[in-house]
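Worksheet: one structure, shown below.
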Amino acid sequence: MKYFGIGVFVGFYASLALAADNPPNTPLIEYQDVTVTQQDYAAELATLPPQFQAEVGTSGKQVHKLLDKVFVYRVLAKEARTEGLDQDPQLQAQVQLAQERTLGLARLDQLRAQALATHPDFAALAKEKYQANPQEYTTPEQVKVAHILIKPEESSPAAEEKAQQLAEQIRQQASAGEKSFSDLALEYSQDPSVKRNHGDLGFITAGKTVKPFEEAAFALQKPGEISPVVKTQYGFYIIQLEARQPAQLQPFTEIQAQLVKGIKEKYLQDIVSHHLHQIRNAEGINMNGEALKNLIKPNPYKAAGATKGVIISPAPADSAQ
C-alpha cells in the first residue's frame, strides 16, 4: 500500500483483502517512523460493540475510517511527545488511568470467560424457571373489538344527552344490521383514527383502555355482539366484539432462547457483582476523610444556571456485561 502525505491512501481498497489474515505485526500504514499494524487495527476494532465489529469488516470505507483514526492519533501522540507533553504529570496520570480502565475491563471479561468455562446447564435452569412460574409466560385474555365514538359538542348536560341519543340510534342500526359496523363507524365515529382503521381496534388486553370501555368490551361473549352505549370521559362508545382469545401459556420452545439468554446474563452479572463487592469491601481500605472533604466545593457555574450537574463515567457496575 502506498501513501502520499499524512492520511492520503492510494490503492487502499484494492489492498483490503489482506487485512483479515495478516500476522499481528503486519504493517498496514507506514509514514516516516510511524507504523500502524494489524494488531493496532484489531485492538481498535475490539473497542467497538460486536455487531459493529462485524459491520466494519464488510466495508472498505469503514476499515479505512478506523485505520485513519489510529494513524492520526499515533502521529498526534508522536508530536505530543516531541513537544514534551508526555512529561506533564496530569497527562501522565490520565494515561495511567486509561491503561487501568482498559486492563480492568479486560479482567472483567476474563472473569466472565472463566465463569462460562464451568457454567451450569442454562437450558435446564430455563426449563425449571418456566415450570415454576407459568404465570410469567402466559399471555392474558384478549378481545378483538371495533368501536364507534360519539363526542358531545360541548360540555353541558344538553350536549351530553344529545350525543348519547345519537349513540343509541347508531347502536340500534348496528343491532338491526341495517349497515355494517365498519360503515357506521366511517359515517358517525369521531375517533381520529376511524378513516384508517374503520373503527377496528384489534386485540386489546385488560388495563390498556379506560375502565368503562374495558368492562363493556370484556363483557361481550360472542363475535358480532354489540355492547350497550358506554359513557367515558371521552364521549359515548358503541363496541362490537369481533373475537375472543383466552389466556394462553407460551410454549417453552418459543421462549427458551430468551430465557437462556436472561439466565446467562444474570449468572455473569452475579459473578461480576460478587467480585466487585469483594474489592469494594476488602479489609484495609482507608479513605482520607479530611482530604475528601476538600474535594467538595461550590459550583461557580450552577448559580448562573450554566449546568445542572456533571456526568461522570461510572466505575464498573454490578450489572456490567
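Its first residue numbered 35, the sequence shown is counted upward by one per residue in this note's numbering.
For every residue, glycine included, the Cβ atom is placed at its ideal position computed from N, Cα and C.
A quick note: this is a predicted structure, and the numbers were derived from the prediction, not measured.
Residue pairing by DSSP places Tyr65 opposite Val68 in a beta bridge.
Inter-residue distance for Arg230 and Ala219 is about 11 Å (C-alpha atoms, whole angstroms). Gly233 has its alpha-carbon roughly 14 Å from the corresponding atom of Arg205. The Cβ atoms of Gly269 and Lys196 do not sit closer than 8 Å to each other. Counting C-beta pairs with one atom in each stretch, the stretch 162-172 and the stretch 207-216 have fewer than three that are closer than 8 Å, which means they do not touch. In the structure shown, the three-state DSSP call for Asp234 is strand. DSSP, read as helix, strand or coil, puts Thr136 in helix.
Per DSSP, the beta-bridge partners of Phe270 are Ile184, Lys265.
The closest CA to that of Leu283, considering only Gln267, Glu175, Ala114, Thr243, is found on Glu175. Beta-bridge partners of Val177 (DSSP): Ile238, Arg278.
Boundaries of the alpha helix (DSSP H) harbouring Gly94: 94-116, taken from the DSSP string. Look at Ile319 here: in three-state DSSP terms it is coil, with no helix or strand label. For the pair Leu62 and Arg108, the Cα-to-Cα distance works out to about 13 Å. In the DSSP assignment, Leu283 is bridged to Thr172. With contact defined as three or more Cβ pairs closer than 8 Å, the stretch 298-305 and the stretch 145-156 are in contact. Secondary structure at Ile260: strand, using DSSP grouped into helix, strand and coil.
The Cβ atoms of Gly258 and Leu235 do not sit closer than 8 Å to each other. For the 8 Å CB-CB criterion, Phe156 and Ile297 form a contact.
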